[in-house]
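Residue numbers (the numbering used here): 5 to 235.
Yeah, the Cβ is synthetic: ideal placement off N, Cα and C, and Gly gets one too.
Notes follow once the structure below has been shown.
In structure tokens:
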């Protein structure tokens with residue numbers, strides 16, 4: 005056990021923890037976006053999806069615990085690496101060529117901390133109902149929580165839509181660099197595969213961000229309307 009703790013506490017071990025937890029979080033945001041795209045299918049599809057998830061309490065809480073643990077480990081690992089770098093005791097990535105310094109790489113910590121603040125806002129908005137309590141209390145004709153109308157009505161508000169769009173720009177930067185860093189950490193971003201991995205990271209980030217932005221903009225410009233009599 006001491007050997008494992010020592011390995012995980014090393015620079016390379018910490019980078020591995022950051023990479024693995026980053027992958028968990030990245031796949032979650034992809035799945036979360038895909039589920040939210042059901043907004044384009046209408047009220048019944050979204051509210052059925054939300055009610056189904058809410059009914060799966062065991063798996064839902066397990067997922068929440070894993071995500072929370074991953075988020076904490078990801079943040080703490082990055083802060084630890086940052087402190088070690090500032091102390092001038094860097095340890096190279098376990099691969100042949102380091103990532104080139106880019107705007108995305110130089111702003112990873114800042115974008116990550118801003119995204120953390122956004123996560124808190126997002127949870128306060130959709131999970132706790134603290135941002136728009138009136139929308140949060142809506143129910144559909146079947147008595148289910150009307151997630152569809154709550155989402156549409158919320159994103160029609162500029163003060164809600166704009167922060168979400170800004171957060172998506174930062175998420176793109178974070179994911180595009182983070183995916184490449186994941187492969188680099190495990191020594192897979194070799195000269196042969198480097199360009200393909202970097203492109204894959206950007207495409208992954210684009211898929212997540214474009215899907216989320218499409219939802220916000222469709223509500224904001226009126227392509228998706230709240231259910232009749234929702235408010």
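Between which residues of its own chain and residue i is the CB-CB distance below 7 Å, once the five residues before and five after are set aside?
i           : result
residue 49  : 42
residue 113 : 82 and 86
residue 171 : 119 and 122
residue 180 : 108, 205, 206 and 209
residue 37  : 212, 215 and 216
residue 140 : 133 and 154
residue 62  : none
Given this structure, state the Cα-to-Cα distance separating residue i from residue j, to the nearest angstrom.
i           : j           : result
residue 220 : residue 138 : 19 Å
residue 80  : residue 54  : 31 Å
residue 45  : residue 195 : 43 Å
residue 151 : residue 75  : 25 Å
residue 175 : residue 229 : 26 Å
residue 106 : residue 60  : 42 Å
residue 178 : residue 226 : 29 Å
residue 90  : residue 21  : 20 Å
residue 35  : residue 13  : 30 Å
residue 115 : residue 232 : 39 Å
residue 201 : residue 110 : 19 Å
residue 191 : residue 126 : 35 Å
residue 161 : residue 218 : 15 Å
residue 203 : residue 168 : 25 Å
residue 130 : residue 39  : 14 Å
residue 32  : residue 66  : 13 Å
residue 72  : residue 117 : 15 Å
residue 23  : residue 68  : 19 Å
residue 193 : residue 142 : 48 Å
residue 30  : residue 163 : 26 Å
Between residue i and the rest of its own chain, which residues show a CB-CB distance below 8 Å, the 5 nearest in sequence each way excluded?
i          : result
residue 64 : 57 and 58
residue 84 : 18
residue 27 : 186
residue 51 : 144, 146, 148, 149, 150, 151 and 152
residue 70 : 28
residue 47 : 144, 150, 152, 153 and 231
On the CB-based measure, 16 or more other CB atoms within 10 Å of its CB, does residue i come out buried or exposed?
i           : result
residue 78  : buried
residue 188 : buried
residue 157 : buried
residue 128 : exposed
residue 198 : buried
residue 124 : exposed
My guess is that residue i and residue j are in contact by the Cβ rule of under 8 Å, so how many angstroms apart are they, rounded?
i           : j           : result
residue 224 : residue 173 : The Cβ separation is near 16 Å, so there is no contact.
residue 15  : residue 88  : 6 Å
Give every residue of the same chain whose Cβ lies closer than 6 Å to the Cβ of residue i, excluding the five residues on either side of it in the sequence, and list them in chain order.
i           : result
residue 222 : 228
residue 159 : 165, 220, 223 and 224
residue 183 : 205 and 208
residue 135 : 128 and 129
Which residue spans inside the stretch 126 to 158 form an unbroken beta strand (DSSP E) run of at least 3?
none
Sequence ranges, alpha helix (DSSP H) only - wholly within the stretch 25 to 87, length at least 4:
47 to 59
Can you check the stretch 156 to 230 for any alpha helix (DSSP H) of at least 4 residues that lies completely inside it and give the ranges in chain order?
162 to 189 and 198 to 224
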